[in-house]
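Asker: Numbering (UniProt numbering), first residue to last: 1 to 343. Using N, Cα and C, we set each Cβ at its ideal position, and we do this for glycine too.
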């Protein structure tokens with residue numbers, strides 16, 4: 001039996017955890033035991049019926065995080081953990097050695113020195129500039145130097161760790177920046193054209209082990225894929241290989257592109273995307289491959305099938321309010337039978 005812990009179960013907020021769980025279930029590997037970990041008892045993934053156990057724990061920023069993770073590891077003997085949020089990957093990379101040696105949990109993520117090069121939008125822009133990777137015209141900005149952005153054409157995207165926000169003039173840009181209250185932003189010219197994403201798994205360091213490329217057919221107002229189809233785009237693959245090699249990445253990643261005659265790298269996510277179950281449907285089950293590689297096993301991934309469509313849905317979940325109160329108090333329940341465990 002292999003126990004895999006997956007984080008980021010709040011699909012309503014766009015977290016990819018349940019996409020990872022779905023892909024792992026599509027592997028048909030009966031030896032997998034999947035437990036869900038999140039920071040809120042209201043995350044919808046807890047009530048999906050796809051998990052063998054669930055836990056609410058403090059965030060990695062909390063001093064009690066390792067203690068709680070150790071308690072879970074002792075109870076459930078976690079073999080592999082797949083963090084599904086950028087902030088988790090950044091924080092867990094600093095704890096990786098301790099988590100693996102003390103708790104016996106394997107993580108397929110880069111070391112902190114690699115992550116520091118792309119840890120936020122400003123760092124990512126600098127990396128792209130230094131390594132001559134094609135990206136839309138962009139500037140680092142703050143509320144104090146908006147008058148220096150004279151060569152930036154509107155509309156633009158205001159990018160920071162809170163997301164990407166469109167602005168159509170200087171007044172809108174100023175309002176957005178004041179509302180977000182960040183010290184620095186990336187102001188990026190909006191590029192017209194089709195949008196593509198590549199979900200990839202890098203292993204060993206700096207090499208793409210497997211990938212699936214999709215074209216976005218419909219998306220939400222924050223850019224998340226609602227409908228996508230797998231396609232063959234060699235330009236997306238070549239830029240991605242160059243990026244991963246120069247960065248020396250290992251583990252999951254998503255890169256996003258937009259353009260017409262020429263594609264530009266527009267966004268970098270340091271984990272699997274929410275549409276990751278499409279990789280399994282297209283014949284390249286990247287979450288399952290990540291588990292096998294983390295365990296030191298070889299797992300051959302095939303070539304993606306093109307023309308496979310993902311249509312993402314919202315599913316209503318109904319639960320008893322008293323069960324929710326019990327879960328909020330106990331911070332744990334075992335999945336399929338909805339039996340809450342008192343702590």
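#1: Helix, strand or coil: how does DSSP classify residue 189 here?
#2: Considering residue 164, what are the terminal residues of the beta strand (DSSP E) in which it resides?
#3: Using the rule of at least 16 other Cβ atoms within 10 Å of the residue's Cβ for burial, across every protein chain shown, is residue 98 buried or exposed?
#4: Grouping DSSP H, G and I as helix and E and B as strand, with all else coil, what is residue 173?
#5: Within its chain, find whatever has a CB closer than 6 Å to the CB of residue 11; leave out the 5 residues flanking it on each side and keep chain order.
#6: Give the straight-line distance between the Cα atoms of residue 200 and residue 107, rounded to the nearest whole angstrom.
#7: What separation, rounded to the nearest whole angstrom, lies between the Cα atoms of residue 338 and residue 320?
#8: Beta carbon of residue 54, beta carbon of residue 39: below 8 Å?
#9: Count Cβ pairs between the region 237-247 and the region 127-138 that sit closer than 8 Å; are there 3 or more?
#10: Any chance the region 216-229 sits against the region 304-316, with 3 or more Cβ pairs inside 8 Å?
#11: Taking Cβ positions, are residue 5 and residue 78 nearer each other than 8 Å?
#12: Taking the alpha-carbon of residue 233 as reference, which of 220, 216, 223 has the nearest alpha-carbon?
#13: Would residue 13 be called buried (16 or more neighbouring beta carbons within 10 Å of its own) or exposed?
#14: Residue 36: which of 30, 29, 22, 63 sits nearest, CA to CA?
#15: Once you ignore the five residues that flank residue 348 on each side, which residues in its own chain have a CB closer than 7 Å to its CB?
Answerer: Let's see:
#1: DSSP places residue 189 in strand when its eight states are reduced to three.
#2: Annotation: the continuous beta strand (DSSP E) that includes residue 164 extends over 163-167.
#3: Looking at its Cβ environment, which holds fewer than 16 other Cβ atoms inside 10 Å, residue 98 is exposed.
#4: Note: residue 173 maps to helix in three-state DSSP.
#5: Within the same chain, residue 11 has close Cβ partners 18, 44.
#6: Each residue's alpha carbon lies about 16 Å from the other.
#7: Bear in mind that a pLDDT of 43 at residue 338, under 50, signals an unreliable position, so the model cannot answer this.
#8: The answer is no: Cβ separation not under 8 Å.
#9: A contact between stretches requires three or more CB pairs, one per stretch, nearer than 8 Å, and the region 237-247 meets this requirement with the region 127-138.
#10: Yes, the region 216-229 is in contact with the region 304-316.
#11: Yes, the Cβ-Cβ distance between residue 5 and residue 78 is below 8 Å.
#12: Closest by alpha carbon: 216.
#13: With fewer than 16 other Cβ atoms within 10 Å, it is exposed.
#14: Checked all of 30, 29, 22, 63; the closest Cα to residue 36 is 22.
#15: The structure shown has nothing for residue 348, since the chain only spans 1 to 343.
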